[in-house]
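The block underneath contains the structure these notes are about, expressed in structure tokens.
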DNA sequence: TACTTTAGTTACCATGTGGTTACTACTCAT
DNA sequence: ATGAGTAGTAACCACATGGTAACTAAAGTA
């Protein structure tokens, strides 16, 4: 078995590099969902009903690889897994807030 | 003939809505290329050699639809077309600068 | 014994996005 | 008559992303 490391060929543009981190369809929503709280997988799924479990798993995995979220697994049955924002994930908060502000001012108000 | 209006089903999240505007692979680069200057199609293509003409056309069209850039066509031969940032496009400048800063601090420095 | 619960995985499919290559229209200069 | 130069189009293809449905493991509970 080979460990797959996503090789998004080093992006030298900081803006594009940053956008790749939150580029997935659901990543901003997930970040928002975790912004203040640690949540279990099922909780996240319940709060974002439109996302399928497979895609949620995929996105969380990518975000873990990108060190945006931390995954903590408890070896119990039934399984329990908790997700929370890493420092890097938290550091994105203000930026997301700015994007939100821009969006409100320049898109939704139309 | 039916005019195609891209129906990106109204996105109520301002962050996602904003990300859709710059979500294309080359859009941040194009915005950067036009940030201070009006440029002809060929100029943009020359400054972003990695992008194909077709994709450049596509992206510029989308950005025009999204009112990020203004396309000005002169009816001469050979044709001349100039692209520049709209007010909305310019208003994105500070946000892009923040993203750049974040990218530099949290990705590239590693 | 069978069912429930959680956090996934597997196999498969549909679509969107980006990409390549060749082609066009029109006029001026050679 | 031919070629150059500009801003595209047209036809086609490959891959990444997102989506569905069915399945799994392990222990506790009825």
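Chains as they are written, first to last, in my numbering: chain B, 2 to 111; chain Z, 2 to 111.
For every residue, glycine included, the Cβ atom is placed at its ideal position computed from N, Cα and C.
Since the structure is predicted, the reported quantities are computational estimates derived from the model, not experimental observations.
query, result
"Contact between the region 76-95 of chain B and the region 50-60 of chain B is defined here as three or more beta-carbon pairs at a separation below 8 Å; is this criterion met?", "no"
"Is the CB of residue 25 of chain B under 8 Å away from at least one CB in chain Z?", "no"
"The alpha helix (DSSP H) with residue 89 of chain B in it runs from where to where?", "88-92"
"Give a yes or no on whether the minimum CB-CB distance between residue 51 of chain B and chain Z is below 8 Å.", "no"
"Using only CA atoms, which one of Z:72, Z:84, Z:102 lies nearest to residue 38 of chain Z?", "Z:84"
"Identify the contact partners of residue 99 of chain B in chain Z, using a Cβ-Cβ distance below 7 Å as the criterion.", "96, 99"
"The beta strand (DSSP E) with residue 72 of chain B in it runs from where to where?", "70-75"
"Throw me the rounded Cβ distance for the residue 109 of chain B and residue 80 of chain Z pair, which I believe falls under 8 Å.", "So it is not a contact: roughly 37 Å between Cβ atoms."
"What three-state label does DSSP hand residue 40 of chain B in the structure shown?", "strand"
"Residues in its own chain within less than 6 Å of residue 52 of chain B by CB, not counting five upstream and five downstream?", "27"
"Looking at the structure shown, is residue 53 of chain Z part of a helix, part of a strand, or coil, going by DSSP?", "coil"
"Determine the chain Z residues that contact residue 34 of chain B at a beta-carbon separation under 9 Å, and present them in chain order.", "Those within 9 Å of residue 34 of chain B in chain Z number zero; the least Cβ separation is about 12 Å."
"If you measure between the beta carbons of residue 82 of chain B and residue 48 of chain B, is that distance less than 8 Å?", "no"
"When burial is assigned at 16 or more other CB atoms within 10 Å of the CB, is residue 43 of chain B buried or exposed?", "exposed"
"Kindly list the residues whose CB is nearer than 6 Å to the CB of residue 73 of chain B, restricted to its own chain and excluding five residues on each side of it in sequence; keep chain order.", "83"
"Around the C-beta of residue 106 of chain Z, are 16 or more other C-beta atoms found within 10 angstroms, so that it is buried, or is it exposed?", "exposed"
"Roughly how many whole angstroms lie between the Cα atoms of residue 45 of chain Z and residue 77 of chain Z?", "19 Å"
"Counting contacts by CB-CB distance shorter than 8 Å, is residue 46 of chain Z in contact with chain B?", "no"
"Hey, would you say residue 64 of chain B sits closer than 8 Å to residue 96 of chain Z, going by beta carbons?", "no"
"With a CB to CB cut of under 6 Å and the five nearest residues on each side skipped, what residues in its chain are close to residue 23 of chain Z?", "29"
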